[in-house]
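Have a look at the structure below, then the notes.
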Amino acid sequence: MSDGTAVLYDTLGPRGRLRVRIASIVCGVLLAALVLLAIVRLEERGQFEPDLWQPFGEWVTWRSLLEGLQATLAAAAVAMALAAPIGLAMALGRLSLNRPTRWLAGGYVELFRAVPLLLFIYFAALGLPRYGIELSAFWYLVLPLVVYNSAVLGEIFRAGILSLDRGQGEAALAIGMTYWQSMLLVVVPQAVRRMVPALVSQLVTLLKDTSLGFVIPYAELLRTGQINGQFYGNLLQMTTVVALIYVAVNVSLGRVAVRLERRQARRYGSAGPHAVLGESDVALLAARAGDGRERAGL
């Protein structure tokens with residue numbers, strides 16, 4: 001155990017480790033008993049009958065589920081692509097030197113982050129058509145996801161920016177950069193690298209939130225599974241398979257995040273993705289900013 005960890009937690013002695021081992025064994029036995037009980041009850045109710053699982057041996061079932069998965073991934077990808085720049089703009093707005101800008105950005109984040117996403121979806125699907133705004137089910141789901149997640153991402157980006165050493169921005173200002181140049185060229189890139197795990201975690205949450213599209217209805221993975229389950233009369237089995245698909249996708253995203261972190265650690269050395277820019281890097285960015293001003297005739 002490292003010294004930093006020992007400051008927060010007492011190192012377990014032989015008796016403590018024995019108690020932890022016993023507690024782990026007891027919890028494992030209880031969990032196994034619950035799983036066994038569930039299996040027995042399902043068997044008693046005939047949920048393991050071959051006829052209920054037979055549809056999964058047909059390509060038409062998997063094609064339908066894959067189409068639902070494709071719709072889920074499309075909605076999540078578009079929503080994330082639109083929410084990320086808006087969230088970054090809100091983060092910069094909350095850190096702006098202009099007070100009205102800070103208030104507007106803060107109001108946006110606090111308002112849309114506090115309202116349940118399901119209400120946004122209902123408002124989009126039921127409210128927008130009353131104002132003559134007719135959209136497809138895809139956009140009735142994506143737009144609420146963008147609004148809600150942009151507010152959440154705004155706080156993630158802001159936390160990443162505030163976690164950096166203030167000397168980064170001050171050094172950029174000292175060599176002639178403007179405030180916005182220092183933010184966009186020096187501070188924001190480091191903040192984004194630092195918050196990659198949190199961004200991937202939010203993407204996983206967004207992906208799962210697409211399942212709320214069943215209320216529109218949008219033919220995403222969960223709704224497709226429900227339709228198939230009702231058609232084949234195996235709703236429990238179909239829901240189980242859909243859940244496993246969600247697990248597989250989310251675990252894959254988690255592994256992508258780990259690989260990104262390791263790649264950044266190799267690129268930036270032992271300091272990992274949290275490494276800060278050196279003086280030569282800041283000077284190079286300042287030179288590029290100066291070249292840009294000259295080309296623009298400023």
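Take the sequence shown: its position 116, counting from 1, is numbered 116 in full-length UniProt numbering, and each next residue is one higher. Think of the CB as a built atom: it goes at the ideal place given N, C-alpha and C, for glycine as much as any other residue.
Excluding the 5 residues preceding and the 5 following residue i in the sequence, name in chain order all residues of the same chain whose CB lies nearer than 8 Å to its CB.
{"i": "residue 204", "result": "250, 253 and 254"}
{"i": "residue 104", "result": "93"}
{"i": "residue 47", "result": "236 and 237"}
{"i": "residue 75", "result": "138, 141, 142, 145, 210, 213, 218 and 220"}
{"i": "residue 19", "result": "none"}
Taking the alpha-carbon positions, what's the residue i to residue j distance?
{"i": "residue 190", "j": "residue 127", "result": "40 Å"}
{"i": "residue 23", "j": "residue 42", "result": "29 Å"}
{"i": "residue 220", "j": "residue 64", "result": "10 Å"}
{"i": "residue 168", "j": "residue 174", "result": "10 Å"}
{"i": "residue 106", "j": "residue 90", "result": "8 Å"}
{"i": "residue 244", "j": "residue 256", "result": "18 Å"}
{"i": "residue 235", "j": "residue 26", "result": "33 Å"}
{"i": "residue 81", "j": "residue 73", "result": "12 Å"}
{"i": "residue 154", "j": "residue 95", "result": "11 Å"}
{"i": "residue 86", "j": "residue 79", "result": "11 Å"}
{"i": "residue 32", "j": "residue 38", "result": "10 Å"}
{"i": "residue 125", "j": "residue 137", "result": "8 Å"}
{"i": "residue 260", "j": "residue 170", "result": "29 Å"}
{"i": "residue 122", "j": "residue 129", "result": "11 Å"}
{"i": "residue 274", "j": "residue 262", "result": "Low local confidence applies: a pLDDT of 42 at residue 274 is under 50, so the model's placement there is unreliable, with the coordinate-based value given in what follows. Cα to Cα, residue 274 sits roughly 12 Å from residue 262."}
{"i": "residue 246", "j": "residue 208", "result": "8 Å"}
{"i": "residue 307", "j": "residue 184", "result": "The structure shown does not extend to residue 307, since the chain is modelled only from 1 through 298, so no value can be given for it."}
{"i": "residue 84", "j": "residue 109", "result": "13 Å"}
{"i": "residue 134", "j": "residue 266", "result": "49 Å"}
{"i": "residue 11", "j": "residue 179", "result": "47 Å"}
{"i": "residue 49", "j": "residue 231", "result": "17 Å"}
{"i": "residue 201", "j": "residue 117", "result": "17 Å"}
{"i": "residue 233", "j": "residue 52", "result": "7 Å"}
{"i": "residue 193", "j": "residue 40", "result": "48 Å"}
{"i": "residue 14", "j": "residue 218", "result": "56 Å"}
{"i": "residue 240", "j": "residue 45", "result": "16 Å"}
{"i": "residue 248", "j": "residue 21", "result": "30 Å"}
{"i": "residue 36", "j": "residue 242", "result": "22 Å"}
{"i": "residue 188", "j": "residue 98", "result": "18 Å"}
{"i": "residue 120", "j": "residue 88", "result": "21 Å"}
{"i": "residue 57", "j": "residue 34", "result": "29 Å"}
{"i": "residue 29", "j": "residue 132", "result": "59 Å"}
{"i": "residue 258", "j": "residue 115", "result": "31 Å"}
Once DSSP output is grouped into helix, strand and coil, what is the label at residue i?
{"i": "residue 248", "result": "helix"}
{"i": "residue 218", "result": "coil"}
{"i": "residue 234", "result": "coil"}
{"i": "residue 168", "result": "helix"}
{"i": "residue 177", "result": "coil"}
{"i": "residue 163", "result": "coil"}
{"i": "residue 138", "result": "helix"}
{"i": "residue 149", "result": "helix"}
{"i": "residue 11", "result": "coil"}
{"i": "residue 132", "result": "coil"}
{"i": "residue 144", "result": "helix"}
{"i": "residue 115", "result": "coil"}
Apart from the five residues on each side of it in sequence, which residues of its chain come closer than 6 Å, Cβ to Cβ, to residue i?
{"i": "residue 156", "result": "195 and 198"}
{"i": "residue 5", "result": "Summary for residue 5: the model assigns pLDDT 44, below 50, so the residue's position carries little reliability; its value from the coordinates is reported in the next sentence. No residues qualify anywhere along the chain."}
{"i": "residue 55", "result": "61 and 232"}
{"i": "residue 223", "result": "214 and 217"}
Within the same chain, show all residues whose beta-carbon is closer than 7 Å to that of residue i, passing over the 5 residues directly before and after it, in chain order.
{"i": "residue 59", "result": "none"}
{"i": "residue 70", "result": "none"}
{"i": "residue 112", "result": "147, 148 and 151"}
{"i": "residue 102", "result": "93, 94 and 96"}
{"i": "residue 206", "result": "76, 79, 80, 145 and 149"}
{"i": "residue 271", "result": "Note that residue 271 has pLDDT 44, beneath the 50 cutoff, so the model's placement of it is unreliable and the number below is only indicative. Result list for residue 271: empty, nothing under 7 Å."}
Can a CB atom of chain C be found closer than 9 Å to the CB of residue i?
{"i": "residue 89", "result": "Within the model displayed, chain C is absent; a lone protein chain is all it includes."}
Taking three-plus beta-carbon pairs below 8 Å as touching, is the region 130-146 in contact with the region 160-167? Here the region 130-146 does not lie against the region 160-167, with fewer than 3 beta-carbon pairs under 8 Å apart.
With a cut-off of 8 Å, do at least 3 Cβ pairs link the region 134-142 to the region 207-214? Yes, the region 134-142 touches the region 207-214.
Give a yes or no on contact between the region 225-242 and the region 46-65, applying the rule of three or more CB pairs nearer than 8 Å. Flag = yes, the region 225-242 and the region 46-65 touch.
List, from N- to C-terminal side, the beta strand (DSSP E) runs of 3 residues or more that fit wholly inside the region 182-216. The region 182-216 contains no complete beta strand (DSSP E) run of 3 or more residues.
Starting from the N-terminal side, write out each stretch of the alpha helix (DSSP H) that is 4 residues or longer and does not extend beyond the region 22-55. Complete alpha helix (DSSP H) runs here, min 4: 50-53.
Considering only residues of the region 47-111, which uninterrupted alpha helix (DSSP H) runs meet the minimum length of 4 residues and lie entirely inside it, listed in chain order? If we require 4 residues or more, the alpha helix (DSSP H) runs fully inside the region 47-111 come out as 50-53 and 59-94.
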